[in-house]
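Undergrad: Below you'll find the structure I mean.
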């Protein structure tokens, strides 16, 4: 069970990626109905032993997850569209997409909430950046933007289908972790919510960011003592970006701890908000989508571990 719990996944365009150790397997249903499975090595930034230690591994794991996610999305788009003109992203292209994605996330979830909190200060409803109320407003705006963003993109038909594959990924993982036969039929009976989901991780990130920003940013501003208000807020924003390293480190350990706590009171309380939020980022999958998730899981396993899996007859290996 301990080894089974190390499997994670990601929903992509018309498919699912499953990761097990140093392997990632992508399963995509093509327009002709065939499920194609591709097995590749997992790009890792934590090969060194010291980078695998608690509270050091969180940020490298976040970066490597983003890199593998971008590569997998690119491959799923190619398989789903069967566009011969579309090619695999090169290293510099992955780096560029990663950089743009991080800038977009920083603008949406760091700069925008800070500016809105500054508006609250100008209106007299908050203290300045060195006060607790400023960061409580900042955290409120972070959550509001995050939830609003999910609600808006969920209205896009293609994204809604990705959310269905997200639910399929969770159901198949739950069926596998429970033991017994794993098929599209048996997986359908399990919950589409999973405690180790990336949505839960993002919720932990926002919660940890509120705590660390409220403690560290006022201390930073106090020690720095800039003369200009513009410089003070610019410096605070840059410091918040730096804090993503400890924020991701603490959040990663927290989500792993919550998954290990089982159904005790603390474990249930830690997982509950993330599971609730997953009701927005997952949808109930159909039988065909569950078949794709089972194929992705099979691709991530070794030959001797697939005995309990029942695959669709339309599965082929890339």
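Numbering (this note's numbering), first residue to last: 1 to 318. Every residue, glycine too, gets a C-beta built ideally from N, C-alpha and C.
Hey, could you find the ends of the beta strand (DSSP E) residue 38 is sitting in?
TA: In the chain shown, residue 38 corresponds to position 38, counting from 1. Its beta strand (DSSP E) spans residues 35-41.
Undergrad: What does the Cβ neighbour count give for residue 101, buried or exposed, with the cut at 16 atoms within 10 Å?
TA: The residue given as residue 101 occupies position 101 in the chain shown. That one is exposed.
Undergrad: Within the same chain, show all residues whose beta-carbon is closer than 6 Å to that of residue 278, passing over the 5 residues directly before and after it, in chain order.
TA: For the purposes of this step, residue 278 is taken as the residue at position 278 of the chain shown. Excluding residues within five positions, the ones whose Cβ falls inside 6 Å are 193, 197, 199.
Undergrad: Where residue 133 and residue 205 are concerned, what is the direct C-alpha to C-alpha distance, given to the nearest angstrom?
TA: Within the chain shown, numbered from 1, the residue matching residue 133 stands at position 133. Within the chain shown, numbered from 1, the residue matching residue 205 stands at position 205. If I take the Cα positions, the gap works out to 19 Å.
Undergrad: Does DSSP classify residue 310 as helix, strand or coil?
TA: For this step, residue 310 is matched to residue 310 along the chain shown. Three-state result, residue 310: coil.
Undergrad: If we call anything under 8 Å between Cβ atoms a contact, is residue 181 one with residue 292?
TA: Counting from 1 along the chain shown, the entry for residue 181 is found at position 181. Counting from 1 along the chain shown, the entry for residue 292 is found at position 292. No.
Undergrad: Can you give the beta carbon distance from residue 165 to residue 67, rounded, assuming they're within the 8 Å contact cut?
TA: The sequence position of residue 165 within the chain shown is 165, counting from 1. The sequence position of residue 67 within the chain shown is 67, counting from 1. Wrong, their Cβ atoms sit about 20 Å apart, outside the cutoff.
Undergrad: Could you tell me the boundaries of the beta strand (DSSP E) in which residue 74 lies?
TA: Reading the chain shown from its first residue, position 74 is the one you call residue 74. Taken as a continuous stretch (DSSP letters only), residue 74 belongs to no beta strand (DSSP E), being part of the alpha helix (DSSP H) at 58-81.
Undergrad: List the residues that DSSP assigns as beta-bridge partners of residue 10.
TA: As a first step, residue 10 must be located in the chain shown, where it is residue number 10. The partner list for residue 10 (beta bridge, DSSP) reads 17.
Undergrad: What are the start and end residues of each continuous alpha helix (DSSP H) run of 4 or more residues lying completely inside the region 133-183, in chain order?
TA: Listed in chain order, they are 157-178.
Undergrad: Is the Cβ-Cβ distance between residue 281 and residue 150 less than 8 Å?
TA: As a first step, residue 281 is located in the chain shown; it is residue number 281 there, counting from the start. As a first step, residue 150 is located in the chain shown; it is residue number 150 there, counting from the start. Cβ distance < 8 Å, so residue 281 and residue 150 count as in contact.
Undergrad: Between residue 37 and residue 315, is the Cβ-Cβ spacing less than 8 Å?
TA: One-based indexing of the chain shown puts residue 37 at position 37. One-based indexing of the chain shown puts residue 315 at position 315. Yes, the Cβ-Cβ distance between residue 37 and residue 315 is below 8 Å.
Undergrad: Starting from the C-beta of residue 145, find all residues in its chain whose C-beta is less than 8 Å away, skip the five residues before and the five after it, and write them out in chain order.
TA: Walking along the chain shown from the start, residue 145 turns up at place 145. Excluding residues within five positions, the ones whose Cβ falls inside 8 Å are 108, 109, 112, 113.
Undergrad: Counting only the same chain and skipping the five closest in sequence on each side, list residues whose C-beta sits under 6 Å from that of residue 77.
TA: Start at 1 with the first residue of the chain shown, and residue 77 comes out as number 77. Same-chain partners within the cutoff: 13.
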